[in-house]
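Numbers given in the numbering used here equal positions in the sequence shown, counted from 1, plus 5.
The beta carbon of each residue, even a glycine, is placed where N, CA and C say it ideally should be.
Reviewing the structure listed below.
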Amino acid sequence: MKANSALREETMPFVNEYISPEDSATYRLAEIDAKVIGGNKSHDWTVDRDQDIYLRNLANGREQEFRHQGHWTFYWKGAALTIRLDLLDGKGKPGHPGWSHWRLVSLNGSHGLPLALKRQKQAILDDLKRALVAYKDGGVFSKNTDYTITLELGD
Numbered sequence: 006m007k008a009n010s011a012l013r014e015e016t017m018p019f020v021n022e023y024i025s026p027e028d029s030a031t032y033r034l035a036e037i038d039a040k041v042i043g044g045n046k047s048h049d050w051t052v053d054r055d056q057d058i059y060l061r062n063l064a065n066g067r068e069q070e071f072r073h074q075g076h077w078t079f080y081w082k083g084a085a086l087t088i089r090l091d092l093l094d095g096k097g098k099p100g101h102p103g104w105s106h107w108r109l110v111s112l113n114g115s116h117g118l119p120l121a122l123k124r125q126k127q128a129i130l131d132d133l134k135r136a137l138v139a140y141k142d143g144g145v146f147s148k149n150t151d152y153t154i155t156l157e158l159g160d
């Protein structure tokens with residue numbers, strides 16, 4: 006057990022960064038972007054390169070009543086998953102700690118996880134939580150220092 010926790014500490018954590026043209030080609034982001042209604046202008050992500058995981062916001066609701074609804078790609082060790090995350094609440098002033106409360110509404114749309122990943126669901130959710138903590142209040146645009154999140158699972 007100690008070996009696992011030590012190994013975890015040695016891995017590179019999630020970071021918020023702009024996506025390089027090379028990474029965009031490697032992860033075929035133009036193909037993902039083409040599927041987003043109205044296109045996608047997101048050129049940043051929250052990535053853990055050592056674990057081959059990234060979280061990327063594709064779109065948020067346009068109308069005020071839907072603005073809290075986010076559509077994301079969560080690439081997890083070779084599998085590009087689509088997720089819908091609703092931001093229920095959040096607080097934090099620039100330069101201070103902050104927090105957010107998310108609800109995972111869907112994981113890979115109505116299809117759910119591919120059969121090969123079903124046994125990995127808890128690990129996927131744990132990594133999603135780590136990515137959201139690193140994403141903070143806006144990825145590369147984040148202004149908070151320390152951050153905590155609550156991730157609620159939808160029905």
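Cβ neighbour criterion (16 or more within 10 Å) applied to residue i
i	result
Ala136	buried
Arg61	buried
Leu93	exposed
Arg13	Residue placement at Arg13 is flagged as unreliable, the pLDDT there being 34, under the threshold of 50; the coordinate-derived value follows with that caveat. Exposed, because fewer than 16 other Cβ atoms sit within 10 Å of the Cβ of Arg13.
Ala30	exposed
His76	buried
Leu158	exposed
Asp132	buried
Ala139	buried
Interface flag, residue i vs chain B, CB-CB below 8 Å
i	result
Asp132	Although the question refers to chain B, the structure presented lacks it and comprises just one protein chain.
Check: residue i C-beta below 7 Å from any heavy atom of the ligand NAD
i	result
Leu109	Annotation note on the ligand NAD: not contained in the displayed structure, which lists no ligands.
Local conformation of residue i per DSSP, three classes
i	result
Ser25	coil
Val20	strand
Segment limits, alpha helix (DSSP H) that includes residue i
i	result
Gln127	Lys126 to Tyr140
Asp151	Per DSSP, Asp151 belongs to no alpha helix (DSSP H) and is neither H nor E.
Ala121	Neither: Ala121 is in no alpha helix (DSSP H) and is coded neither H nor E.
Asp38	Leu34 to Ala39
Residue range of the beta strand (DSSP E) that includes residue i
i	result
Asp49	Asp49 to Asp53
Asp94	Ala84 to Lys96
Leu112	Gly103 to Leu112
Phe79	Gln74 to Trp81
For the stretch 32 to 52 against the stretch 112 to 126, do three or more pairs of beta-carbon atoms, one drawn from each stretch, fall closer than 8 Å, so that the two count as touching?
no
Hey, is the stretch 101 to 115 in contact with the stretch 46 to 62, meaning 3+ C-beta pairs nearer than 8 Å?
no
Check whether the stretch 46 to 55 touches the stretch 137 to 157, taking contact to mean three or more Cβ pairs, one atom from each stretch, closer than 8 Å.
yes
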